[in-house]
Every structure is written in C-alpha cells, then in structure tokens.
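Numbering (this note's numbering), first residue to last: 42 to 140. All C-beta atoms in this analysis are idealised placements derived from N, C-alpha and C, irrespective of residue type, glycine included. Comments concern the structure below.
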C-alpha cells in the first residue's frame, strides 16, 4: 500500500520542521526552561534523499537537510518537514488555545 505525500521536495528547496504543539503540561519553571531550549524552529535546505528499509522490508524516503545552524546535513522523515511557505498555515492548525 502506498500513501500520497502531502508535499513533494526537490534538491535546493527551503524547508522547516513542522510546528510542534505548544502545550507544556508542567508548572515547574525549571522544567519549562529545559523543554523550551528544544522547541526552537529550524530552517534548512534539502541537499539530498535517502531511502531506509525497516525490519519488514518497507522502504521509507528520508530527506537530507542542511540546517542553517549546523555544519553537516542530517536525515529526517518527510512527514516531519514542510516547505517554508506553508509554515504559517500549519502553525495556526497546531496552536493550543491559551498558550
């Protein structure tokens, strides 16, 4: 069974991590500060593609992304990435009321 990807990517495309929900279920200030350091938005450029095979033999396509703040590219599942021009729209869909 195949699934249709929401976005198609090419080498050189500007991308961002999909927005994360912002609901932090903690009241301790030190815990909030520790979580906040990992919640910054990342931007980068697609530099390649990689296929990984899981234990059942299913091939999954990953994107090699050169993040603006890193020196080497990293691979990421396509479902966790979105084009930069769709970021605002997707952010509005995941915002938790009252945050």
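- For residue 100, the enclosing beta strand (DSSP E) starts and ends at 100-108.
- Rounded to whole angstroms, residue 112 and residue 86 show a C-alpha spacing of 12 Å.
- Your pair residue 104 and residue 119 checks out as a contact, with CB atoms roughly 6 Å apart and the cut at 8 Å.
- Counting other Cβ atoms within 10 Å of its Cβ, residue 110 stays below 16 and is therefore classed as exposed.
- Here residue 57 is bridged, per DSSP, to 84 and 123.
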